[in-house]
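*Asks:* Please see the structure below; I have some questions.
Residue numbers (my numbering), protein chains in the order written: chain A, 1 to 293; chain B, 294 to 586.
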């Protein structure tokens, strides 16, 4: 039997803790956990998320893989603390929602990009957060995007792919830039619209009385506005260009619909709604297929 | 025991058929059904939605309540066909998503607003449509908005309230104008944004490949873009003013967020996201309470 890799997870929030639980569940790795908040690593042991806890990032040794499961804007500080470990690692990775900024941070701290560094981003999440929200099957049938860099070692990419596959994820690869554009469109913009809409409506009415009359469609739409404000604030500051590009395209299209309503142009409205319905039905098929596989 | 009212439902789609099924389930009315599409009324009998079928709107008699469960733009034509019945009715109502337009249509056809006329709108729906999608519990714990008019008879309002309450709905009353403003904000604008976003993204990428990378948040958001394009086209044409007002307010607020991203104004972003999260959490509480009651 192959020796299990030793995986250090830094940050035992929803994603870090679920990754640990899933890898342990698959018997695929020996998991060492660190969290800067007191008591979290102990909880993680009790919850079966990690095998061992560390209470400092100093004097670590004998680690194969480091997963930085922290917000994008905390990456620099983590890399500074574990720089001594990096030369002996097989894989250094992260789970951030914006990849360009993570690469920039690592490069800035280290002066170059290590060959073991392979950025990654699991397309999964849940409304709850923290170590107690850890789910062994969080990544099951979800995509995990890897964005290998020019100098990433093929062995590092392969080992990381294997680990995420063992968690049940479907691994896909794309460039850092493409990742940030795709996520700006499919995740960052929808969140911005949901936050913005809920805020517009809340300010609209005294005592938020208007929400009483909202139906299921609004519930679905507004659910994502319940996400963590700090995490999203980081995302928009670090994926500025891609977000602004798709946001402006959306604003132009929305203004066209505004004009169509104003001019009572039923044909224009019907044609946009029909195209959207057909695209949405196509998306529903993709989801159904992924769930079957 | 009181004599059951005779209720004629015109239009046996999801809403009309579910209302029939719910009233029959409650033993609260004798249901007569009409649908202009051949075979639908027969199906409705088989499915337990109605007691009797009618295949024409001519020579009807002995009806207490007429429910026009047809699209808003079809109301005029229905009223023209049943005008001879109206003087003997206890209640004339509808279930349309826009109330101003329905009132205007009835007034235009009849030259005045009959005292039995009480417009209504159930805040309920489902992704499926048609008589086969009928659900006895569709209105359970959902709001039903009545918009009584100046000349609506109190007895008509009371009888109609009783019928919807017997279907499990919570009846609330407001003015026609308030209804159209509230729905523009909580339903019509969110649908417009979902249609618009899905269309922007679909045109963005060859083969709609981008949807592969979308996660749960986007699924929730885009679900409402799967709604019937014709029905929504009617809604935006008939609730033009209220929709444009709230749409423009939203566009102004979104442009402010755009500027905050552009200027990397983290404080502005965080403050909007936090306000939105707090409003959304408040909305989630309202929903939870309603489901308990």
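Even for Gly, the Cβ is constructed at its ideal location relative to N, Cα and C.
1) What's the gap between the Cα of residue 203 of chain A and the Cα of residue 126 of chain A?
2) What is the DSSP secondary structure of residue 467 of chain B, reduced to helix, strand or coil?
3) Buried or exposed: which applies to residue 332 of chain B, given that a residue is buried once 16 or more other Cβ atoms fall within 10 Å of its Cβ?
4) By alpha-carbon positions, which one of A:101, A:98, A:58 and A:97 ends up nearest to residue 80 of chain A?
5) Closer than 9 angstroms, Cβ to Cβ, to anything on chain A: give me those residues from the stretch 434 to 456 of chain B, in chain order.
6) Using a beta-carbon distance below 8 angstroms, is residue 544 of chain B in contact with chain A?
7) Residue 328 of chain B to residue 21 of chain A, Cα distance in whole Å?
8) So who's on the other strand from residue 299 of chain B, going by DSSP bridges?
9) Does the distance from the C-beta atom of residue 465 of chain B to that of residue 431 of chain B stay below 8 angstroms?
10) Taking the C-alpha atoms as reference points, what is the distance between residue 378 of chain B and residue 353 of chain B?
11) What would DSSP say about residue 440 of chain B, mapped onto helix, strand or coil?
12) Listing by chain order, which chain B residues have their CB less than 7 angstroms from the CB of residue 236 of chain A?
13) Go through its chain and collect everything with a Cβ distance to residue 433 of chain B's Cβ below 7 angstroms, but skip five positions before and after it.
14) Which residues mark the beginning and the end of the beta strand (DSSP E) in which residue 346 of chain B is found?
15) At 3 residues or longer, and completely inside the stretch 364 to 425 of chain B: list those beta strand (DSSP E) runs for me, N to C.
16) Count the other CB atoms, across all protein chains shown, that sit within 10 Å of the CB of residue 444 of chain B; report buried if there are 16 or more and exposed otherwise.
17) Name the two residues that bound the continuous alpha helix (DSSP H) containing residue 272 of chain A.
18) Closest to residue 356 of chain B by C-alpha separation, out of B:382, B:521, B:455 and B:549, would be which residue?
19) Can you look up residue 157 of chain A in the DSSP assignment and give me helix, strand or coil?
20) Can you check which of these residues, B:564, B:301, B:578 and B:517, is closest to residue 421 of chain B by C-alpha distance?
21) Check the Cβ of residue 210 of chain A against every Cβ in chain B and list those closer than 8 angstroms, keeping chain order.
22) Go through its chain and collect everything with a Cβ distance to residue 163 of chain A's Cβ below 6 angstroms, but skip five positions before and after it.
23) Which chain A residues sit within Cβ distance under 8 angstroms of residue 537 of chain B?
24) Please check if any C-beta of chain B sits within less than 8 angstroms of the C-beta of residue 229 of chain A.
25) Taking the CB atoms as reference points, tell me whether residue 101 of chain A and residue 72 of chain A lie closer together than 8 angstroms.
26) Against chain A, with Cβ distances strictly below 8 angstroms, would residue 458 of chain B count as a contact?
27) Mind listing the chain A neighbours of residue 364 of chain B? Cutoff is C-beta to C-beta under 8 angstroms, in chain order.
28) To the nearest angstrom, report how far apart residue 182 of chain A and residue 506 of chain B are at their CA atoms.
29) Could you compute how far the alpha carbon of residue 170 of chain A sits from the alpha carbon of residue 95 of chain A?
30) With distances taken from CA atoms, which of A:97, A:25, A:7 and A:55 is nearest residue 238 of chain A?
31) Quick one: is residue 373 of chain B near chain A, going by C-beta distance under 8 angstroms?
32) Report yes or no: is there a C-beta of chain A within less than 8 angstroms of the C-beta of residue 464 of chain B?
33) Considering only their Cβ atoms, is the gap separating residue 402 of chain B from residue 369 of chain B smaller than 8 angstroms?
34) Using 8 angstroms as the threshold, is the C-beta distance between residue 45 of chain A and residue 9 of chain A below it?
35) Run the CB neighbour count on residue 217 of chain A, radius 10 Å, all protein chains shown included, and call it buried at 16 or more, exposed below.
36) Tell me the residue span of the alpha helix (DSSP H) that contains residue 352 of chain B.
*Replies:* So, from the data block:
1) 27 angstroms
2) coil
3) exposed
4) A:58
5) 435, 436 and 438
6) yes
7) 56 angstroms
8) B:323
9) no
10) 7 angstroms
11) coil
12) 554 and 562
13) 461
14) 345 to 347
15) 384 to 387 and 413 to 415
16) exposed
17) 266 to 292
18) B:382
19) helix
20) B:517
21) 475, 478 and 479
22) none
23) 258, 261 and 262
24) yes
25) yes
26) no
27) Within 8 angstroms Cβ-Cβ: nothing; residue 364 of chain B doesn't reach chain A, min ~13 angstroms.
28) 7 angstroms
29) 15 angstroms
30) A:97
31) no
32) no
33) yes
34) no
35) buried
36) No alpha helix (DSSP H) contains residue 352 of chain B, which DSSP labels as neither H nor E.
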